[in-house]
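A.B. asks: Mind looking over this structure? Questions follow.
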Amino acid sequence: DGGATTLAVATAAEAAALREAGIESRLLVMGALTRESLEEALAAGAEVLAWNEPFVRAVAEHATGAPARVHVKLDTGMGRLGTTDPEEARTVAAAVNADDRLELAGLMTHFATADERGDDYFPRQLAAFNEFIGPLRAEYPQATVHAANSAATLRDPASHFDMVRCGIAVYGLDPFLTDARAQGLEPALSLQSYVAEVKRIGAGESVGYGRSWRAERDTWIGVLPIGYADGVRRGLSNGGEVLVAGRRFPLVATISMDNVTIDLGPETDVRPGAEATLIGIQGEHEITCEQVADALGTINYEVTCGIGPRVPRVHAGR
Numbered sequence: 162d163g164g165a166t167t168l169a170v171a172t173a174a175e176a177a178a179l180r181e182a183g184i185e186s187r188l189l190v191m192g193a194l195t196r197e198s199l200e201e202a203l204a205a206g207a208e209v210l211a212w213n214e215p216f217v218r219a220v221a222e223h224a225t226g227a228p229a230r231v232h233v234k235l236d237t238g239m240g241r242l243g244t245t246d247p248e249e250a251r252t253v254a255a256a257v258n259a260d261d262r263l264e265l266a267g268l269m270t271h272f273a274t275a276d277e278r279g280d281d282y283f284p285r286q287l288a289a290f291n292e293f294i295g296p297l298r299a300e301y302p303q304a305t306v307h308a309a310n311s312a313a314t315l316r317d318p319a320s321h322f323d324m325v326r327c328g329i330a331v332y333g334l335d336p337f338l339t340d341a342r343a344q345g346l347e348p349a350l351s352l353q354s355y356v357a358e359v360k361r362i363g364a365g366e367s368v369g370y371g372r373s374w375r376a377e378r379d380t381w382i383g384v385l386p387i388g389y390a391d392g393v394r395r396g397l398s399n400g401g402e403v404l405v406a407g408r409r410f411p412l413v414a415t416i417s418m419d420n421v422t423i424d425l426g427p428e429t430d431v432r433p434g435a436e437a438t439l440i441g442i443q444g445e446h447e448i449t450c451e452q453v454a455d456a457l458g459t460i461n462y463e464v465t466c467g468i469g470p471r472v473p474r475v476h477a478g479r
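Numbered by our numbering, the letters in the sequence shown go through residues 162 to 479 in order.
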């Protein structure tokens, strides 16, 4: 519904889940596949990657009905999946194109440093990919050429080719870990829970595992039914913040699997059922993914990917 014509996933199981959910767009599995998961990917009508002839033969052997759609991957410097030899990539493309059971659907690479503005490695990768695809454009006009992740999409239009593969930018988050809105992005994700209990804690009393936090004065504690099993990392223990009633409150005590606690102060008007925002906006305050990532010494992508499956996903519209 958001306008994407193709969805890229990491695994065959993810592709199958999208089909079961009624998604009819093109699907591309970008991860490595075993023979078993290859069957699952093709059964879902997903397109797959190849970078050597033995795997091309395996895809052809498993193809049934319509030709299996294959993208050939050249490793221009990421150092992961893909062949580093342009000649081998051309040979693989020719093998795919020559087999009636297959269709050459794409030519691709992936950038290692697109999120590091001003570096010289990204331009070198882009140049190497351009050199690779140059003579193949006319030979395989049906193939979708793609390379750009979110950072490359925002950094250099020359990397866009026929299709871009936005990941973190789809959340409205900044791949450069600065200000998303300065990149023309609007954060589209919030992580919310609620206050399940408000209880009085006396001075000197402790809360949570290991008694890592003890009240310096009589105070009120709010208990939220969300924890590290849901993606609220333990690294935020005694250091993170939560928004409740449009105000900031500190996360206190060790974060548990299923609960976190916040210090509401000596006097509070917060009541059970109050909405709690761990990422997002309440009133005049905001907690960004970048702030959470910075507190954890990681990147915003890891924060969003870490939100667990038992957290309901709700499309709030605009």
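Even glycine gets a Cβ: it sits at the ideal position worked out from N, Cα and C.
Going by other Cβ atoms of all chains shown within 10 Å of its Cβ, with 16 needed for buried, is residue 269 buried or exposed?
C.D. replies: Here residue 269 corresponds to residue number 108 of the sequence shown, with the count starting at 1. Buried, by the Cβ-count rule.
A.B. asks: Does the beta-carbon distance from residue 205 to residue 241 come in below 8 Å?
C.D. replies: Numbered from 1 along the sequence shown, position 44 holds the residue referred to as residue 205. Numbered from 1 along the sequence shown, position 80 holds the residue referred to as residue 241. Taking 8 Å as the Cβ cut-off, residue 205 and residue 241 do not qualify as a contacting pair.
A.B. asks: Please report the residue range of the beta strand (DSSP E) in which residue 443 lies.
C.D. replies: Against the sequence shown, residue 443 aligns to sequence position 282. Element bounds for residue 443: 436-443.
A.B. asks: Pick from 189, 406 and 461: whose alpha carbon is nearest that of residue 305?
C.D. replies: For the purposes of this step, residue 305 is identified with residue 144 of the sequence shown, where counting begins at 1. Of the candidates 189, 406 and 461, the one whose C-alpha sits nearest the C-alpha of residue 305 is 189.
A.B. asks: Which same chain residues, not among the five before or five after residue 375, have their C-beta less than 7 Å away from its C-beta?
C.D. replies: In the sequence shown, the residue the question calls residue 375 occupies position 214. 365, 366 and 367.
A.B. asks: Would you list, in sequence order, the uninterrupted beta strand (DSSP E) runs of no fewer than 3 residues that lie entirely inside the stretch 269-332?
C.D. replies: The qualifying runs are 305-307.
A.B. asks: So if DSSP puts residue 196 in a beta bridge, which residue, or which two residues, is it bridged to?
C.D. replies: Taking the first residue of the sequence shown as 1, we reach residue 196 at position 35. According to DSSP, which records beta bridges pairwise, residue 196 is partnered with nothing at all.
A.B. asks: State the start and end residues of the unbroken alpha helix (DSSP H) segment that holds residue 457.
C.D. replies: Taking the sequence shown and counting its residues from 1, one reaches residue 457 at position 296. It spans 450-457 - the alpha helix (DSSP H) in which residue 457 sits, taken as one unbroken run.
A.B. asks: In chain order, what residues of the same chain have a beta carbon less than 6 Å from the beta carbon of residue 350, not counting five sequence neighbours either side?
C.D. replies: Numbered from its first residue, the sequence shown carries residue 350 at position 189. Correct list, in chain order: 332.
A.B. asks: Would you check if there are 3 or more beta carbon pairs closer than 8 Å linking the stretch 257-266 to the stretch 219-233?
C.D. replies: Output reads yes: the stretch 219-233 touches the stretch 257-266.
A.B. asks: Go through its chain and collect everything with a Cβ distance to residue 250's Cβ below 7 Å, but skip five positions before and after it.
C.D. replies: Mapped onto the sequence shown, residue 250 falls at position 89. For residue 250, where only same-chain residues beyond five positions count, the Cβ hits under 7 Å are 212, 233, 235, 244 and 293.
A.B. asks: Heavy atom of the ligand GTP less than 7 Å from the Cβ of residue 402, yes or no?
C.D. replies: The ligand GTP is not part of the structure shown, which contains no ligands of any sort.
A.B. asks: Can you give me the Cβ contacts of residue 360 inside the same chain, cut-off strictly under 8 Å, excluding the 5 residues immediately before and after it?
C.D. replies: The residue given as residue 360 occupies position 199 in the sequence shown. 381, 382 and 384, listed in sequence order.
A.B. asks: Using DSSP bridges, identify the partner residues of residue 261.
C.D. replies: As a first step, residue 261 must be located in the sequence shown, where it is residue number 100. DSSP, once it has assigned bridges, lists no residue as partnering residue 261.
A.B. asks: Rounded to the nearest angstrom, how far is the Cβ of residue 229 from that of residue 263, given a contact under 8 Å?
C.D. replies: The residue given as residue 229 occupies position 68 in the sequence shown. The residue given as residue 263 occupies position 102 in the sequence shown. About 5 Å; that satisfies the 8 Å criterion.
A.B. asks: Can you tell me which of 247, 311 and 310 puts its alpha carbon nearest to the alpha carbon of residue 291?
C.D. replies: Within the sequence shown, the letter at position 130 stands for residue 291. Residue 291 has its Cα closest to that of 247, out of 247, 311 and 310.
A.B. asks: Would you give the residue range spanned by the alpha helix (DSSP H) that residue 179 belongs to?
C.D. replies: Locating residue 179 in the sequence shown gives position 18, counting from the first residue. Taken as a continuous stretch (DSSP letters only), the alpha helix (DSSP H) holding residue 179 covers 173-181.
A.B. asks: Am I right that residue 417 and residue 370 are in contact with their C-beta atoms under 8 Å? What's the rounded C-beta distance?
C.D. replies: Stepping through the sequence shown from its first residue, residue 417 is reached at position 256. Stepping through the sequence shown from its first residue, residue 370 is reached at position 209. Residue 417 to residue 370, Cβ: 6 Å. Contact.
A.B. asks: How should residue 437 be labelled, buried or exposed, when 16 other C-beta atoms within 10 angstroms of its C-beta is the threshold for buried?
C.D. replies: Position 276 of the sequence shown holds residue 437. Result: buried.
A.B. asks: Apart from the five residues on each side of it in sequence, which residues of its chain come closer than 8 Å, Cβ to Cβ, to residue 450?
C.D. replies: Taking the first residue of the sequence shown as position 1, residue 450 is located at position 289. 332, 334, 348, 350, 440, 461, 464 and 465, listed in sequence order.
A.B. asks: From the DSSP output, in three-state form, read off residue 221 for me.
C.D. replies: Locating residue 221 in the sequence shown gives position 60, where the first residue counts as 1. It is helical.
A.B. asks: Just mark residue 476 as buried or exposed, buried being the case when its beta carbon has 16 or more other beta carbons within 10 Å.
C.D. replies: If you number the sequence shown from 1, residue 476 lands on position 315. Under this definition residue 476 is an exposed residue.
A.B. asks: Considering Cα atoms alone, identify which of 326, 341, 372 and 444 is closest to residue 165.
C.D. replies: Numbered from 1 along the sequence shown, position 4 holds the residue referred to as residue 165. It is 326.
A.B. asks: For residue 429, which of helix, strand or coil comes out of DSSP?
C.D. replies: On the sequence shown, position 268 is the one that residue 429 refers to. Three-state result, residue 429: coil.
A.B. asks: Quick check on the DSSP output: what are the complete beta strand (DSSP E) runs of length 3 or more inside the stretch 348-388, in order along the chain?
C.D. replies: If we require 3 residues or more, the beta strand (DSSP E) runs fully inside the stretch 348-388 come out as 352-355, 358-362 and 380-385.
A.B. asks: Using 10 angstroms around the beta-carbon of residue 237, count the other beta-carbons present and answer buried if the total reaches 16, otherwise exposed.
C.D. replies: Sequence index remark: in the sequence shown, residue 237 carries index 76 (1-based). It is buried - the Cβ of residue 237 has at least 16 other Cβ atoms within 10 Å.
A.B. asks: Please return the same chain residues whose Cβ sits closer than 6 Å to the Cβ of residue 177, not counting the five positions on each side in sequence.
C.D. replies: Reading the sequence shown from its first residue, position 16 is the one you call residue 177. Counting only Cβ-Cβ distances below 6 Å, and skipping sequence neighbours, we find 201 and 205.
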